[in-house]
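Enquirer:
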Amino acid sequence: MQHVPASDCRAGTALERTDPERAPGGTVALKGPGDKVLSSRLKELEAQGLLVRQVDAGPPVRVSYELTRAGREFGELAQAIERWGRELVQEVKPRRR
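Listed below in structure tokens is the structure:
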């Protein structure tokens, strides 16, 4: 899965929850909002066509999400906007004398 910076974006916040370091048993270590909030955001992203949900019947049952083409393009756009914002802030910062 591709990492997308969250900034102030709800979609980015949900996508940013995955930690690159895996927890024992091959699961992903998560930080951030609770399960209900994450579930709601993932459903929104799926409904918007940014994610595809995949269920492995197991056992154990596992659910995974993958970015769609639109999701990857959104990530690229979000990263470009974040870079632009950081550059803008650097240009506007008052210089100390």
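Going by this note's numbering, the letters in the sequence shown line up with residues 24 to 120, in that order.
Just so you know, even glycine gets a beta-carbon here, dropped at the ideal spot from N, CA and C.
(1) Helix or strand or just coil, what does DSSP make of R45?
(2) May I ask which residues mark the beginning and end of the alpha helix (DSSP H) holding V115?
(3) Just tell me which of L61, L111, R76 and V115 has its CA closest to the CA of V86.
(4) Buried or exposed: R64, going by 16 or more other Cβ atoms within 10 Å of its Cβ?
(5) Measure the Cβ-Cβ separation of T91 and L73 and say whether it is below 8 Å.
(6) With hydrogens ignored, establish whether the beta-carbon of E99 is closer than 7 Å to any heavy atom of the ligand NAD.
(7) Between which two residues does the alpha helix (DSSP H) holding L68 run?
(8) Where do the ends of the beta strand (DSSP E) carrying V78 lie?
Expert: For this structure:
(1) For R45, the predicted structure reports a pLDDT of 46, less than 50, and the residue's modelled location is therefore unreliable. The matter cannot be settled from this model.
(2) For V115, the enclosing alpha helix (DSSP H) has its first and last residue at R92 to V115.
(3) Selected option, being the one with the closest Cα: R76.
(4) The residue is buried, with at least 16 neighbouring Cβ atoms inside 10 Å.
(5) Yes, these two residues count as a Cβ contact at 8 Å.
(6) The model depicted lacks the ligand NAD and carries no ligand whatsoever.
(7) Residues D58 to A70.
(8) Segment L74 to D79, the beta strand (DSSP E) holding V78.
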